[in-house]
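Here is the structure we will look at.
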Amino acid sequence: TTSQNTLAALVELGQKILIVGCDPKADSTRLILNSKAQGTVLDLAATKGSVEDLELGDVLKTGYGGIKCVESGGPEPGVGCAGRGVITSINFLEENGAYD
């Protein structure tokens with residue numbers, strides 16, 4: 020909640036924001052999107068076959084004030100590290116121009 024409220028304040032000050040959530044519950048962007056948790060990069064890649072089969076629009080959603088939201092995904096809560104999901108997500112976003 021704190022991070023989402025901070026981002027909302029920053030966007031009100033004119034900043035362009037992209038949040039990459041790394042919580043295993045995939046709810047880091049829930050308030051910004053005013054919805055349930057969105058699909059994660061790892062889950063969507065598994066469904067489509069691989070990360071290369073994803074489009075930017077599959078994983079990037081726009082919420083409050085134009086904040087761009089992505090959930091990386093990872094292991095179930097309490098099991099291992101979400102590092103793989105974060106690395107996969109950041110690489111995908113860079114390769115597909117999400118930071119432009």
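All you need for this note's numbering is the position in the sequence shown, starting with 1, plus 19.
Note that CB positions come from ideal geometry on N, CA and C, so glycine has one too.
Predicted, not measured: the structure shown is a model, and the values here were computed from it.
Proximity below 7 Å, CB of residue i to CB of residue j
| i | j | result |
| --- | --- | --- |
| Leu26 | Ile109 | no |
| Val30 | Ile38 | no |
| Cys41 | Val105 | yes |
| Thr107 | Val70 | yes |
| Thr59 | Gly102 | no |
Supposed contact pair residue j and residue i - C-beta distance, whole angstroms, cut 8 Å
| i | j | result |
| --- | --- | --- |
| Lys67 | Leu73 | 6 Å |
Identified DSSP bridge partners for residue i
| i | result |
| --- | --- |
| Gly40 | Glu90 |
| Lys80 | Cys88 |
Reference residue i; option with closest CA among the options
| i | options | result |
| --- | --- | --- |
| Glu114 | Tyr83, Thr81, Lys80, Leu75 | Leu75 |
| Ile51 | Asp119, Ala117, Asn24 | Asn24 |
| Lys44 | Gly33, Gln57, Gly116, Gln34 | Gln57 |
| Gly82 | Gln34, Thr20, Phe111, Thr48 | Thr48 |
| Asp46 | Ser22, Gln34, Leu32, Gly116 | Ser22 |
| Ser54 | Leu112, Ala64, Lys80, Leu63 | Lys80 |
| Gly33 | Gly84, Gly116, Thr20 | Gly84 |
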